[in-house]
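Step one of this worksheet: look at the structure below.
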Amino acid sequence: MFEREKLESRSYIGNKYEEAIDLPGLIDIQLSSYEKFLQTNALRGDHTMVSQGLEEVFQATFPIESANGELVLDYDYYNLDYNGVKMTEAECKKKGLSYAVPIKARINLIFQSTGEIRQKEIYMGDIPLMTDRGTFIINGAERVVVSQIHRSPGVIFSVEKGIYSSRIIPYRGSWLEFEIDPKKELVFTKIDRKKRILGSLFLRALGLDTREKIIDQFYKIKKVKVNNKRDGDKSLVGMVFGRAVYTEVDGVKKKIYRAGEKIHPHDTDELVHSKIKTIEVIDFKHPESLNSSLILNCFEREEAKYNQDDPDQDEPTKEDALSSIYSVLMPGEPITVDSAEKDLVSMFFSNRRYDLGRVGRYKLNKKFDYENPEDVHVLTREDIVNTMGYLIKVYDGDASIDDIDHLGNRRIRSVGELLSNSLKTAFSRMERIAKERMSLKEIESLKPQDLVSIKPIVAAVKEFFGSSQLSQFMDQVNPLSELTHKRRLNALGPGGLSRDRAGFEVRDVHYTHYGRMCPIETPEGPNIGLIVSLANFTRVNDYGFLETPFRKVIDGRVTKEVEYLSAMDEEKYFIAQASAALDENGGFVEDMVAVRKSGDYTIKNHNDIKYMDVSPRQIISTAASLIPFLEHDDANRALMGCNMQRQAVPLLFPEAPLVGTGMEKKAAYDSGVCIKAKKSGVVVKVTSQEVIIKPDDPESEVNDVYPMIKYQRTNQDTCFNQKPIVKLGEKIKAGDVLADGPSTKNGELSLGRNLLVGFVPWNGYNYEDAVLISEKVVKDDYYTSIHIKEFVTEVRETKLGPEKLTRDIPNTSEKALEQLDEEGIIRVGAKVKSSYILVGKVTPKSETETTPEFKLLNSIFGEKAKEVRDTSLKLPHGVEGTVIDIQRLKRSEGDDLSPGVDEVVKVLIATKRKLKEGDKMAGRHGNKGVIARVLPEEDMPYMEDGTPLEVCLNPLGVPSRMNIGQIMETMLGMAGARLGKMYETAVFNSASTEDISAELVKSGISGSAKIKLYDGYTGVPFENDVFVGYMYYLKLHHLVDDKMHARSTGPYSLVTQQPLGGKAQFGGQRLGEMEVWALEAYGAANTLQELMTIKSDDMNGRAKIYESIVKGDATTAAGIPESFNVLVQELRGLALDVRIYDTKGKQIPFTERDEELINRQGSRF
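First residue of the sequence shown? That's 1 in the UniProt record's numbering, and the numbers climb one at a time after it.
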């Protein structure tokens, strides 16, 4: 008990600060998204159903009406049939099934004429359930659906190559774009990226069919008096008519000026002459009026196009506008004006074909500051006019363009929404089928289940979870890799970007990422910047935008109140950083405080500050906040550090880091690998298999039993094992950790071990980041890990009869069979090496011609005499270990197997991997290296007290890489090891060099951590003092045993007859063009000849050389390589008859067919 408490307490070192809020649940993004989709709490009756997720999909599809309106299919509600979940998560994993729940929906079929209703609960397929760890089990494997980050629906204003454009991007439907051509000074409209249409024509098609109506949308009108001067009122010159001007001649009204025309000097005479007292002109100066004549220019452009013959008609009509739009949208197709109008209306103004979504509507309302109700998910005429008006303002410089990479314009689609989108298309297929069936079937006998086809729904769910780009095989190397996989944001995938087309801007860090997306953690390589991680405190709001928390500042005082802001809301405020100095009342110590506002960093008076960050680790991800002294590392190395922590293999005996960041507990807790107590109570039994707790609650009759998962294989073949950390009689609170999982120690994430390192070169074994390691590390199993591989064989039904599991395998020695039981399956506990038989299996061979003797044998012995071939499951090359489990699934016992398979046998083999040369190791700061040599303990350099180092690292690996964090960690680790302390030092608030030196002096060594070291060979001290300390070091998943590979003889490619490549195919090493040049440069003719013939594709030569090796005769003779024959056949394919003759003029055959032809020709003479 004392031991545990001692280990759990860490002493904090660094600047003390208080976090305003606790970290949120780290996998909430997955859990809450799927909860919104299924609404399980509402189904249990906790609250009422909301129209979102699955419910919204149902409501959007139903009611379905038949073509004649006689039948209507309506939807009431759905529920999840938990009784239909046949298997637990563990059983699903074992049997290769999906962990899913049947969905049933109450569907009513209504007959409109009689009012009769036929009701039925219909099974709508199975929906996978999310485990409490945020994963899905699909076909027996754990998968994660990664959230996608994509461009938000709404309106975007941009300028490209001098052309100003605005796009209204819907969630679903046609894109509408407006653009201004600066050369022509006109506004154009584009629908779905087709040819452009004049802006005013598009407005006429929408019903603004006169100049006056269009002018009223964009401008304000004022009345002006016309002064009755003899030569006209010159003050009017340059104004623009807002209304048409009419005169009356003989009682008939006549239009003399049209709205939108400019007043020229001679027009003023005309106005005076026509006795017009007042005119209405456009008031360009009015604050609500556009200060631009772009719209009016469009009128002039129409003039040129639509010079009508009819004198009464002086402008294009709505019909003209519609027909010109449809000549662009559907060139060459005749269309009536009515249907063109209907089509245009349905394209942008009907829910059937157009959907802005809640987000699109929210973005439009926010952009144009108006209060359209949020359930209007289609465009309105107001939206279109506002967009055009705003674009003109942008062109004139009165408004700014949008930044496409701003997180206000990018949003997150998590599991629930992605699945909803998949289901929407499936439901629309189902609707089409239902409508077809309504018109075909007899009405009298119709039932709801006859009309609803669930095939498209089942297929969509299967396709989404099984093969969507965003449904990924979970990265399960260690708990951190699981956690970060669930918190990943991906810009690729359906409806996202593609790697090749993503430019630099999309990948780059943007100032809005602050507190929302981690600027550090992203893969190296082609996906850099496209796959990112959520920052620690981030949450996703209802619209899918990322929000981060801030403490409210009121009148220069920081309050306890916390508010979440999205990137758009944050723009307006000055925000202080979390480490700003505060007094005890929450006031800023200094008057002028460092702040940031929309990407600018400046200093402001404390009264101007509205918000303050909640924590220094707010801006980075979980993996990055596990790196101590992160602020002293170069970003490139910190990125590698994040990515390599995810590759650390779970060790047999892990150890918590001496220098932690305070994030270890939370990461291990939220990853879901530890067992947590559901209720408080007292431990009454602890074994390696289970922990039993008697609850404190007097009403609960039974004890809580928590079974451990023992030695289970993960997706990456590492070992998942839980062991209890509580003692008998210990008092437990709800939520306490009862058992450690892989890579955890006392509930803290422990990916590696603390090692005593010295930065000292040792006989060249540190060259190029190589690592020299002491044999003690190997002997004491510091880095021993267990890896579990699964080997599967299927027993099938073949054309010639069934395959059989048997011990009776043809041409096999008794020694090879000694570990098999009577059915031919290896026993659990057997030690196996490569090419050992794991499962004996024979397959019927096709019958050769039956002789009378064979028939006789067959009739005497029955089946026995049939010919079989050996198709046993053998252990592949390079694998050895112990059989730890056999799993058998049989069709006869009701297991669900694929067609034609009678039985599946899985053999699990565990291998203990000790540390060895060639294994990759790394610290937490991107300081990676490969073990070059394991040195006996006594030869390692040792300290004054005789303690040998455990690792020697190259000091040259530090300065150029600029990851100084490792130096500080090593110093503090040394102090911790000597003082028996474990430290916690928060990221961006960590201990200073002075603090660390003080601890070192306390521990009794120099503040620089430089120590006199002695050479292990000679016992002579090194010339200079060496920097020594404790570093947390990890063993990575790149193990030499998985990469080591050598070929003897193996498979050959069919056409070229050259050996295959790669470890999986047991292939050879490629001897390419450049290698040939190297050998040619040395003149190594014989070596070169055998490499290019008998070791490669000379079929006869390689058979002969094998024969001569067996006979002990060492002569070689090279023949014609097969690649030459391939070349000849290619030339023959080009109708060139290539033949080859020897020195005596005799033709040499390539193939058997050639040989036949040559022999036939020879026999003619």
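In this text, a Cβ means the ideal position worked out from N, Cα and C, and glycines have one as well.
What does the Cβ neighbour count give for Y767, buried or exposed, with the cut at 16 atoms within 10 Å?
exposed
Would DSSP call R106 helix, strand or coil?
strand
What's the C-alpha gap between T131 and F720?
17 angstroms
Taking a contact to mean a Cβ-Cβ separation below 8 angstroms, would you say V187 touches I110 in this structure?
no
So, using beta-carbon positions, are G973 and N754 closer together than 8 angstroms?
yes
Can you find a heavy atom of the ligand PLP that lies under 7 angstroms from the Cβ of S468?
The ligand PLP is absent from the structure shown, which contains no ligands of any kind.
So for D283, helix, strand or coil by DSSP?
coil
Assign R488 to one of three DSSP states: helix, strand, or coil.
strand
With distances taken between CB atoms, is the gap from V540 to I29 smaller than 8 angstroms?
yes
Run through DSSP, which three-state label would P810 get?
coil
What did DSSP end up calling C298 once you bin it into helix, strand or coil?
helix
When you compare the CB positions of F759 and V907, do they come within less than 8 angstroms of one another, or not?
no
Given V691 as reference, the closest of L738, D403, A656 and E547 once Cα atoms are compared:
L738
Quick one: measure Cβ to Cβ for S481 and D475, integer angstroms, because I've assumed they're closer than 8 angstroms.
4 angstroms
Roughly how many angstroms separate the alpha carbons of S992 and D633, rounded to a whole number?
14 angstroms
For P519, count neighbouring C-beta atoms within 10 Å of its own C-beta (all shown protein chains included) and say buried if the count is 16 or more, exposed if not.
buried
Please report the residue range of the alpha helix (DSSP H) in which C952 lies.
Where C952 is concerned, there is no enclosing alpha helix (DSSP H), although the beta strand (DSSP E) it sits in stretches over V951 to L953.
Runs of 3 residues minimum, wholly inside the segment 217–296: which ones carry the beta strand (DSSP E) assignment?
221–225, 245–249, 252–257 and 278–282
Alpha carbons only, please: which of G599, N386 and I263 is nearest the one belonging to G238?
I263
Skipping 5 residues on each side, what residues in its chain have a beta carbon closer than 8 angstroms to that of R713?
C719, F720, I788, K789, E790 and L908
Tell me where the alpha helix (DSSP H) around S1086 begins and ends.
Strictly speaking, residue 1086 in this sequence is Asn, with Ser absent from that position. A1085 to M1092 is the extent of the alpha helix (DSSP H) around N1086.
I need the straight-line Cα distance from L751 to G515, nearest angstrom please.
26 angstroms
Ignoring anything shorter than 4 residues or poking outside the segment 492–524, list the alpha helix (DSSP H) runs there in chain order.
504–507
How big is the Cα-Cα spacing for M330 and D338?
15 angstroms
So what's L889 in DSSP terms, helix, strand or just coil?
strand
Between the CA atoms of V673 and A656 - distance to the nearest angstrom
16 angstroms
For V726 and G741, the rounded distance between their alpha carbons:
13 angstroms
Pull up the DSSP beta-bridge partners for Q1147, would you.
Y1141
Let me check understanding here. Comparing Cα to Cα, which of Y1033, K694 and Y669 lies closest to Y782?
Y1033
Could you tell me whether the Cβ atoms of P724 and V686 are closer together than 8 angstroms?
yes
When the Cα atoms are used, what is the spatial distance from V593 to N605?
6 angstroms
Alpha carbons only, please: which of M568, A459 and G525 is nearest the one belonging to Y511?
M568
Return the first residue and the last residue of the alpha helix (DSSP H) that A567 is part of.
A567 to E570
Per DSSP, what kind of secondary structure is D1154 in: helix, strand or coil?
helix
When the Cα of K183 is compared with those of C952, N297, G929 and P456, which residue comes out closest?
N297
Skipping 5 residues on each side, what residues in its chain have a beta carbon closer than 6 angstroms to that of F202?
T189
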